[in-house]
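I have placed the structure first, in the form of structure tokens, so that the comments after it can refer back to it.
Protein chains: 2
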Amino acid sequence: MISQEKNSGNGAGPVIHARADRAHPVTLREVAELAGVSTATVSLVINKKKNARIADETRQRVTEAIAKLGYRPNAMAKTLVSGTSKFIGLVADGVATTPFAGQIIHGAQDEAWKHGYALLIANTEGNKDLEKDAIAMMLEYKVRGILYSTWFHRPTDVPETLREADFVLVNCFSPEAGAARAVVPDEAQGGQSATEILLREGHRRIAFINTTTPAPAKDGRLQGYKSALEGAGIPFDPNLVIEAYPDQEGGYGATDDLLKLKVSAVYCYNDRMAMGLYDGLRENGLSIPDDIAVVGFDNQEVIAAHLRPPLSTVSLPHYELGAAGVRMLLGLDAAPLDSAVKIACPAVERASVAVHSPA
Amino acid sequence: MISQEKNSGNGAGPVIHARADRAHPVTLREVAELAGVSTATVSLVINKKKNARIADETRQRVTEAIAKLGYRPNAMAKTLVSGTSKFIGLVADGVATTPFAGQIIHGAQDEAWKHGYALLIANTEGNKDLEKDAIAMMLEYKVRGILYSTWFHRPTDVPETLREADFVLVNCFSPEAGAARAVVPDEAQGGQSATEILLREGHRRIAFINTTTPAPAKDGRLQGYKSALEGAGIPFDPNLVIEAYPDQEGGYGATDDLLKLKVSAVYCYNDRMAMGLYDGLRENGLSIPDDIAVVGFDNQEVIAAHLRPPLSTVSLPHYELGAAGVRMLLGLDAAPLDSAVKIACPAVERASVAVHSPA
DNA sequence: CCAGACTGTTCAAGCGTTTTAGCAAAATTC
DNA sequence: GAATTTTGCTAAAACGCTTGAACAGTCTGG
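Chains as they are written, first to last, in this note's numbering: chain A, 1 to 359; chain B, 1001 to 1359.
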């Protein structure tokens, strides 16, 4: 409607450029002039100041002028006055590499939005120079704070410049204690939940195919496996833990070793290994879950939900990590400096573990 | 080093807060005072103005003052003066839903960065209200322009407010001609490439499992299949085209129909269908690629690269879409209003199609 | 040795807001 | 009906920066 009015008189010629005429953006002053008041008044009306005393009639006139001109406040000017912007920076090392980062972004954005903040995202793909530039850019835009995130859970150095801002590590943590606020997934609890899915169905002899790659997840998930067994009164047998590279090929390659263990169930370090293992088991004529039950870890949708049979697994709470990071940054959640906050990894049960209905 | 200096004298007590002291950000004026010059001079030094005449000695002093104070220009103030910001907005409907969006972001960011722009990303997950807020936010931050992207190639309505900005549609297009600049994948060429992978290996009777869901991709990929056959002098046989829902289950379910066709090769609408088809073929005791060759479409890494055997497919050029979108926005690439620019979908050959070395 | 050119630097206006102090007029009190 | 309070609004400074005009000095050529 508005742009219609603005464009009236342009005739019915072909569209030259698919955008409205916005050579000179409308400013507060113009609104003020049209409404016949001062800019101060317009500002007061716009921001609905509590103790501003504005006559209803005036408020009305201003509102109309705003609508008529299609006025948009200039956030830059606003920020200049207030000192800090309504931006939260998010530097990620792998938005493109992995589907996970998307969830962190999503969670962070929803939470940020809720508090009136917008996300300024920089994807570094691990490039340190880019990272430095990205942080510099964020500092120049006077972000409220920065979320520094990694695509897989790991220790990380805190870049020097990051310390110039308020920041929270997301899905990573600083090895030096007391150095940074951080939020990470609770690997141990996740590993325990994964194992418990199997225990609950009566499995007693459960193998764990761990990763060969050192990582907090490697230790945590193993720890969880042990805790679960202990909780079920089953002694931990190190022979039941084998290791392989954490991808499809690794899982496939572990098949033979696994079969030697004569277990009725196996818990894989991640869904990709489980996917490879599916192939290996199938080639051996074994059926899931009847011959052997399988659980994974990560809940990587494209894989887990669509394997045949669908894979029981444990979710990495990326969405929650992002959201919690924002809350910690804004001081809404407790954020200890001495240890990372842990977010639960919820179990997701699917058909790769038989559901024995109680007799 | 710098922050060391600032903190010297703080004693060796425990770290209270993991961030530098930045209560009052350093301004241009402070730098000017320390250097004993005017703010104008500092500004000139910082921006390396061509025709600014600054004594080396002065330049030196200013540079030192900047370093010493750890000065960061205030981008907001800069923007206020210049009128438009160095932001490009990117609204996406599915950063979290799909791994693809990450590539669009990545491409857009790399290209934007190259030209001194930062990306202001908003993930709407399809929510129209959110979308409107997001666009409003971008307009208030006076973005240079907006990239409006969808996670799968489709027609889309252009939101009214989007027209207030300079914009480009990415991975989508407006059904009304001449209404918007747009960049999309070249589905037809992709479909042709996919089919040609099979033709090149001597297959003559090739099935196409298309999707049941209407989409530009459905038509384009079929079109490409036809062109490829035509190019090879093979008449198009509609009976060789079957349709199924475009996911693993759909591909799996299409197995029986496919087998009836007695083809030596099949081209699937996407990788997920191919993944399901793998299961179906395997259950029928058929081996890939010896009994039947398979190609997919999308090049969804987690799937295609890691199936057994790895899947030959065609890449959706998301990275390029993002990059091209930015270039079109900035006027670096031609950007016709009357039809979308098409980006090639490159073939990715893997082991699901036998490679017959020439005798 | 002076006009003109050049060099190095500063002045000051302006970008679009917010916000505090203050002012005039209207309403209320006694 | 004077004093006081309340109401409705505005003036002007400030936020941190850029930039064209202007200004002293110093060179240069004639």
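Using N, Cα and C, we set each Cβ at its ideal position, and we do this for glycine too. Since this is a predicted model, take the numbers as computed values, not measurements.
Check your understanding: Of all the residues that make up the stretch 1100-1120 of chain B, which are near chain A by a beta-carbon distance shorter than 7 Å?
Key -> Listed by position along the chain: Ala1101, Gly1102, Gln1103, Ile1105, His1106, Gln1109, Ala1118, Leu1119, Leu1120.
Exercise for review: Determine, using beta carbons only, whether Val1170 of chain B comes closer than 8 Å to chain A.
Suggested key: Position 170 of the second sequence, counting from 1, holds the residue named residue 1170 of chain B. No, because no Cβ of chain A sits closer than 8 Å to the Cβ of Val1170 of chain B.
Point to revise | DSSP three-state assignment for Thr211 of chain A, whether helix, strand or coil | key: In the first sequence, counting from the first residue as 1, residue 211 of chain A sits at position 211. Annotated three-state conformation of Thr211 of chain A is strand, per DSSP.
Check your understanding: What is the DSSP secondary structure of Phe100 of chain A, counted as helix, strand or coil?
Key -> The residue given as residue 100 of chain A occupies position 100 in the first sequence. Here Phe100 of chain A sits in helix by DSSP.
Point to revise | Coarse secondary structure for Arg350 of chain A, derived from DSSP in three states | key: Numbered from 1 along the first sequence, position 350 holds the residue referred to as residue 350 of chain A. In the three-state DSSP reduction, Arg350 of chain A falls in the coil class, being neither helix nor strand.
Point to revise | Delimiting residues of the beta strand (DSSP E) encompassing Ile121 of chain A | key: On the first sequence, position 121 is the one that residue 121 of chain A refers to. For Ile121 of chain A, the enclosing beta strand (DSSP E) has its first and last residue at 118-123.
Check your understanding: Can you tell me where the beta strand (DSSP E) with Pro1309 of chain B in it begins and where it stops?
Key -> The sequence position of residue 1309 of chain B within the second sequence is 309, counting from 1. Premise fails: Pro1309 of chain B is in no beta strand (DSSP E) and is neither H nor E.
**Study point:** Cutoff 8 Å: Glu1140 of chain B Cβ touching any chain A Cβ
**Key:** Taking the first residue of the second sequence as 1, we reach residue 1140 of chain B at position 140. Put simply, the CB of Glu1140 of chain B is near chain A, with a gap under 8 Å to one of its CB atoms.
**Study point:** Proximal chain A residues relative to Pro1073 of chain B, where beta-carbon distance stays under 8 Å
**Key:** On the second sequence, residue 1073 of chain B is found 73 positions in, with the first residue counted as 1. Simply Glu140.
Exercise for review: Report yes if the C-beta distance between Arg205 of chain A and Ser264 of chain A is below 8 Å; otherwise report no.
Suggested key: Translated into positions along the first sequence, residue 205 of chain A becomes position 205. Translated into positions along the first sequence, residue 264 of chain A becomes position 264. For the 8 Å CB-CB criterion, Arg205 of chain A and Ser264 of chain A form a contact.
Review point. Name the residues in the stretch 148-159 of chain A whose C-beta lies less than 7 Å from a C-beta of chain B; which are they?
Key: Against chain B - using a Cβ distance shorter than 7 Å - the stretch 148-159 of chain A contributes no residues.
Practice item. Measure from the alpha carbon of Glu1249 of chain B to the alpha carbon of each residue in B:Lys1086, B:Leu1147, B:Met1275, then state which is nearest. Key: For the purposes of this step, residue 1249 of chain B is taken as residue 249 along the second sequence, with counting starting at 1. Nearest option by C-alpha distance: B:Met1275.
**Study point:** At least three beta-carbon pairs within less than 8 Å, the stretch 53-71 of chain A to the stretch 30-40 of chain A
**Key:** Remark: three or more beta-carbon pairs, one from each stretch, lie closer than 8 Å, so the stretch 53-71 of chain A and the stretch 30-40 of chain A are flagged as touching.
Check your understanding: When you compare only the Cα positions, how much space is there between Val295 of chain A and Asp256 of chain A?
Key -> The residue given as residue 295 of chain A occupies position 295 in the first sequence. The residue given as residue 256 of chain A occupies position 256 in the first sequence. Rounded to whole angstroms, the gap between the alpha carbons of Val295 of chain A and Asp256 of chain A is 18 Å.
Exercise for review: Could you pull the start and end residues of the alpha helix (DSSP H) that Arg204 of chain A belongs to?
Suggested key: Translated into positions along the first sequence, residue 204 of chain A becomes position 204. Premise fails: Arg204 of chain A is in no alpha helix (DSSP H) and is neither H nor E.
Review point. If you compare alpha carbons, which of A:Val183, A:Cys268, A:Asn123 is closest to Ser193 of chain A?
Key: Position 193 of the first sequence holds residue 193 of chain A. When only C-alpha atoms are compared, the closest one is A:Cys268.
Review point. Expressed to the nearest angstrom, what Euclidean distance is found between the alpha-carbon atoms of Leu1120 of chain B and Pro1317 of chain B?
Key: On the second sequence, residue 1120 of chain B is found 120 positions in, with the first residue counted as 1. On the second sequence, residue 1317 of chain B is found 317 positions in, with the first residue counted as 1. Looking at the two C-alpha atoms, the distance is approximately 22 Å.
Point to revise | Leu1261 of chain B (DSSP reduced to helix, strand or coil) | key: As a position in the second sequence, residue 1261 of chain B is number 261, starting the count at 1. Leu1261 of chain B: coil per DSSP, three-state reduction.
Check your understanding: Nearest CA to the CA of Pro25 of chain A: which residue from A:Leu69, A:Leu330, A:Val241?
Key -> Along the first sequence, one-based indexing puts residue 25 of chain A at 25. Out of A:Leu69, A:Leu330, A:Val241, A:Leu69 has the C-alpha closest to the C-alpha of Pro25 of chain A.
Point to revise | Cutoff 8 Å: Thr1079 of chain B Cβ touching any chain A Cβ | key: The count along the second sequence starts at 1 and reaches residue 1079 of chain B at position 79. True, the Cβ-Cβ gap to chain A drops below 8 Å.
Review point. Taking the alpha-carbon positions, what's the Asp21 of chain A to Val1143 of chain B distance?
Key: On the first sequence, position 21 is the one that residue 21 of chain A refers to. On the second sequence, position 143 is the one that residue 1143 of chain B refers to. At Asp21 of chain A the pLDDT is 46, less than 50, meaning the model places this residue with poor confidence and gives no usable figure here.
Practice item. Hey, could you find the ends of the alpha helix (DSSP H) Gly145 of chain A is sitting in? Key: Here residue 145 of chain A corresponds to residue number 145 of the first sequence, with the count starting at 1. Element bounds for Gly145 of chain A: not the alpha helix (DSSP H) but the beta strand (DSSP E), 145-155.
Check your understanding: With which residues is Val266 of chain A paired in a DSSP beta bridge?
Key -> Walking along the first sequence from the start, residue 266 of chain A turns up at place 266. Assignment of beta-bridge partners to Val266 of chain A by DSSP yields A:Ala207, A:Val294.
Exercise for review: Say whether chain B places a C-beta atom closer than 8 Å to the C-beta of Tyr252 of chain A.
Suggested key: In the first sequence, residue 252 of chain A corresponds to position 252, counting from 1. Yes, Tyr252 of chain A lies at the interface with chain B (some Cβ there is under 8 Å from its Cβ).
Practice item. Determine, using beta carbons only, whether Leu90 of chain A and Leu162 of chain A come nearer to each other than 8 Å. Key: The residue given as residue 90 of chain A occupies position 90 in the first sequence. The residue given as residue 162 of chain A occupies position 162 in the first sequence. The answer is no: Cβ separation not under 8 Å.
Practice item. With 8 Å as the threshold, decide whether the Cβ of Met273 of chain A is near any Cβ in chain B. Key: The residue you call residue 273 of chain A lines up with position 273 of the first sequence. Closer than 8 Å: no.
Check your understanding: Asp1290 of chain B CB to nearest chain A CB: under 8 Å?
Key -> For the purposes of this step, residue 1290 of chain B is identified with residue 290 of the second sequence, where counting begins at 1. Using a Cβ-Cβ cut-off of 8 Å, Asp1290 of chain B does not count as an interface residue toward chain A, since no Cβ of chain A sits closer than that to its own.
Practice item. Could you work out which residues of chain A lie near Asn1123 of chain B, taking near to mean beta carbons separated by less than 9 Å? Key: If you number the second sequence from 1, residue 1123 of chain B lands on position 123. At a beta-carbon threshold of 9 Å, the residues of chain A lying near Asn1123 of chain B are Gly102, Ile105, His106, Gln109, Asp110, Leu119, ordered along the chain.
Check your understanding: When Cβ atoms are compared, which residues of the stretch 1201-1213 of chain B fall closer than 9 Å to chain A?
Key -> Residues: none.
Check your understanding: What residues in its chain sit with their C-beta under 7 Å from that of Ile288 of chain A, if we drop five residues either side in the sequence?
Key -> Taking the first residue of the first sequence as position 1, residue 288 of chain A is located at position 288. Excluding positions up to five away in sequence, the list reads Tyr278, Leu281, Val294, Pro309, Ser352.
Exercise for review: State the DSSP-derived secondary structure class of Pro336 of chain A, mapped to helix, strand or coil.
Suggested key: As a position in the first sequence, residue 336 of chain A is number 336, starting the count at 1. DSSP places Pro336 of chain A in coil when its eight states are reduced to three.
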